[in-house]
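J.: Quick one: the structure is below, questions incoming.
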Amino acid sequence: MKQTLFTLLLLSTIGLVSCKKTGTQPNIKQYDETQIQNYISANGISGMVKDTVGQDSTGIYYKILTSPKTVTTIIGDTSKISFIFTLKSFDGKYSSTDTIQNHYDGYVGHITLDALPLGLRLAILNNLKYRGYSMRILIPSHLAYGISGYGSGSIENTSSRIAGNQCLDYYVHVINNVNAPIADNQATYDDQTIQQYMKHENFTDYIKTSTGLYYKIITPGTGAKIINQNSTVECTYTGMLLNNIQFDSANNGADSVSLEVPDLIKGMQEGLTHATTGTLISMIIPSGLAYAETATTGVPVNSCLRFEFKVVDVTP
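Residue 65 in the UniProt record's numbering sits at position 65 of the sequence shown, and the numbers go up by one each step.
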């Protein structure tokens with residue numbers, strides 16, 4: 001009987017010790033906090049502020065990088081905004097830094113519907129607050145993609161998959177209203193992007209029009225017909241994003257196509273007025289003269305585009 005009682009007491013003690021050990025394990029918020037602190041230390045990051053909006057901290061850390069001189073209306077869930085972003089996972093295995101591809105245009109409350117993390121929405125609402133601002137954000141995994149991660153393929157497929165329980169390092173720049181009366185609006189941002197692109201590609205001798213279109217006549221035409229809204233243009237062309245990725249593989253500059261000028265985007269229409277039969281023309285088109293806030297196949301929202309046209313014939 002004594003032996004039985006001793007055995008039961010021993011088992012009970014082991015059970016209590018086991019329960020106590022489990023209770024000291026960090027929960028996901030504590031785990032994320034440790035990961036963020038280690039990441040900040042390992043990468044020598046300074047100036048990060050912990051989000052304390054509300055009664056309980058979200059665990060997000062942020063740093064405001066730029067802010068306009070003129071303060072605009074505070075962003076809310078029903079605000080429609082445009083922003084670019086980059087991100088990488090803390091383990092360094094996933095990185096997406098192409099701001100030509102990484103665009104969002106829509107309501108703040110719909111950010112997560114575009115497969116972006118809840119932490120990004122919260123940081124824009126609670127910490128960034130205004131259009132025209134940019135910031136760096138460290139998002140804890142429980143406000144990112146959680147234990148399941150995100151992306152396609154196996155967990156070894158790091159190029160297209162974020163592993164589970166990964167905190168994320170985001171940069172985000174919210175572009176101001178397209179018609180905002182201050183410098184940082186979409187048209188200004190587009191023009192800066194185009195100029196940086198031309199500098200990087202060593203493009204020279206482009207002419208800028210009053211609408212923001214850039215064009216260059218590479219080969220002068222020999223025809224006399226002026227291209228206008230009534231014209232049909234037979235041509236070859238290529239279309240690229242400003243990361244030099246061709247988005248229209250069906251038109252690779254080899255096979256001619258017939259285009260009705262009124263059906264083209266505004267930037268193409270304007271650019272072609274400077275061409276005639278035989279002209280080889282290059283155009284760099286701001287997003288407002290392209291597809292603007294509408295994404296199309298291979299073209300993200302608010303994308304500037306580069307086209308090269310070889311005009312074969314003009315009718316009537």
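A virtual CB, placed ideally from N, CA and C, is assigned to each residue, including glycine.
Hey, how far is the Cα of residue 300 from the Cα of residue 25?
T.: If you take the alpha carbons of residue 300 and residue 25, they lie about 44 Å apart.
J.: May I have the straight-line CA-CA distance separating residue 266 from residue 290, to the nearest angstrom?
T.: For residue 266 and residue 290, the distance between alpha carbons rounds to 6 Å.
J.: Measuring alpha carbon to alpha carbon, tell me which residue in 216, 30, 75 and 132 is nearest residue 69.
T.: It is 132.
J.: Nearest to residue 317 by CA position, among 309, 304, 33 and 271, is which residue?
T.: No statement about residue 317 is possible, as the shown extent of the chain runs from 1 to 316 and does not include it.
J.: How do the region 71–87 and the region 103–121 stand: do at least 3 beta-carbon pairs fall below 8 Å, yes or no?
T.: Counting Cβ pairs under 8 Å, three or more are found: they touch.
J.: How big is the Cα-Cα spacing for residue 64 and residue 80?
T.: Each residue's Cα considered, the two are about 21 Å apart.
J.: For residue 141 and residue 40, I'd like the C-alpha separation in whole angstroms.
T.: Roughly 15 Å between the two C-alpha positions.
J.: Check residue 278 in the structure and name its three-state DSSP category.
T.: In the structure shown, residue 278 sits in coil (DSSP, three-state: anything other than H, G, I, E or B).
J.: Only counting the same chain, and skipping five residues up and downstream in sequence, which positions put a Cβ closer than 6 Å to that of residue 304?
T.: Only 190, 193, 194, 242, 286 and 287 meet the Cβ criterion.
J.: Candidates 37, 113 and 171: which alpha carbon is nearest residue 95's?
T.: Cα-wise, what sits closest to residue 95 is 171.
J.: Considering only the alpha carbon of each residue, which of 204, 31, 213 and 78 lies closest to residue 147?
T.: Nearest C-alpha to residue 147: 31.
J.: How many angstroms separate the CA atom of residue 314 from the CA atom of residue 163?
T.: The straight-line gap from Cα to Cα measures roughly 54 Å.
J.: For residue 216, which residues does DSSP report across the bridge?
T.: According to DSSP, residue 216 bridges with 282.
J.: For residue 21, name the three-state secondary structure that DSSP assigns.
T.: Confidence in residue 21 is poor, its pLDDT being 39 and thus under 50, which makes the residue's placement unreliable; the coordinate value appears in the next sentence. Helix.
J.: Taking residue 256 as the reference, which of 245, 246, 308 and 262 has the closest Cα?
T.: Comparing Cα-Cα distances from residue 256 to each of 245, 246, 308 and 262, the minimum goes to 308.
J.: Below 8 Å, can you find three or more Cβ-Cβ pairs linking the region 232–240 to the region 204–224?
T.: Touching, no, given that fewer than three Cβ pairs across the two stretches are closer than 8 Å.
J.: Taking the beta carbon of residue 113 as the centre, do at least 16 other beta carbons fall within 10 Å, making it buried, or is it exposed?
T.: Answer is exposed; the Cβ neighbour count stays below 16.
J.: Quick check on the DSSP output: the alpha helix (DSSP H) that includes residue 272 runs from which residue to which?
T.: First-last of the alpha helix (DSSP H) with residue 272: 266–272.
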